[in-house]
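Participant: Positions 1 to 123 (our numbering) are the ones given, in order, by the sequence shown. First, the structure itself, so that you have it in front of you.
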Amino acid sequence: MTRTRASAKKAGTSFERMVADYLAEHVDDRIDRRVKAGAKDRGDIAGLRHHGHRLVIECKNAAKTLLGPWAGEAETERGNDDALAGMVVHKRHGKGRPEDQWVTLTMGDLVALLTLSRDHLNN
């Protein structure tokens, strides 16, 4: 069956809900899906923090993996939110449990998470 725009949107919304619910249950119950903000998008998940610093998650449920463009989206959204780091949570096809999905981030964002600073980056 070919994915239509409507079915893709529904799959994306469902995936975002799954990610938000999993994080809310296991990390912080204030985490939830973020309301869409148009041009100044700040990611798909709201309320995620690491040692008091905001984190941005861009969720993707797509048949084709496009890490470069997705990482670019996460970085734009990280900047829009003035967050410490941005990452992409993307569907691992054939795996339905939230804990089995993929998480991708840049080495710079990994170092930011580990050091709680973006000072090492030339932004």
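Heads up, the beta-carbon is just placed ideally off N, CA and C, and yes, glycines get one too. A quick note: this is a predicted structure, and the numbers were derived from the prediction, not measured.
1. Assign residue 26 to one of three DSSP states: helix, strand, or coil.
2. Which whole-angstrom value describes the C-beta separation of residue 116 and residue 51, a residue pair presumed to lie in contact below a C-beta threshold of 8 Å?
3. Does residue 40 come out as helix, strand or coil in the three-state DSSP assignment?
4. Please classify residue 42 as buried or exposed, where buried requires at least 16 neighbouring CB atoms within 10 angstroms.
5. Who are the Cβ neighbours of residue 98 in its own chain at under 8 Å, not counting the five residues just before and after it?
6. Is it buried or exposed for residue 61, if we count other Cβ within 10 angstroms and need 16 for buried?
7. Any idea which residues DSSP pairs residue 77 with across the strands?
8. Is residue 112 closer than 8 Å to residue 88 when the C-beta atoms are compared?
Facilitator: Put simply:
1. helix
2. 6 Å
3. helix
4. buried
5. 18, 19, 21 and 22
6. buried
7. DSSP lists no partner for residue 77.
8. no
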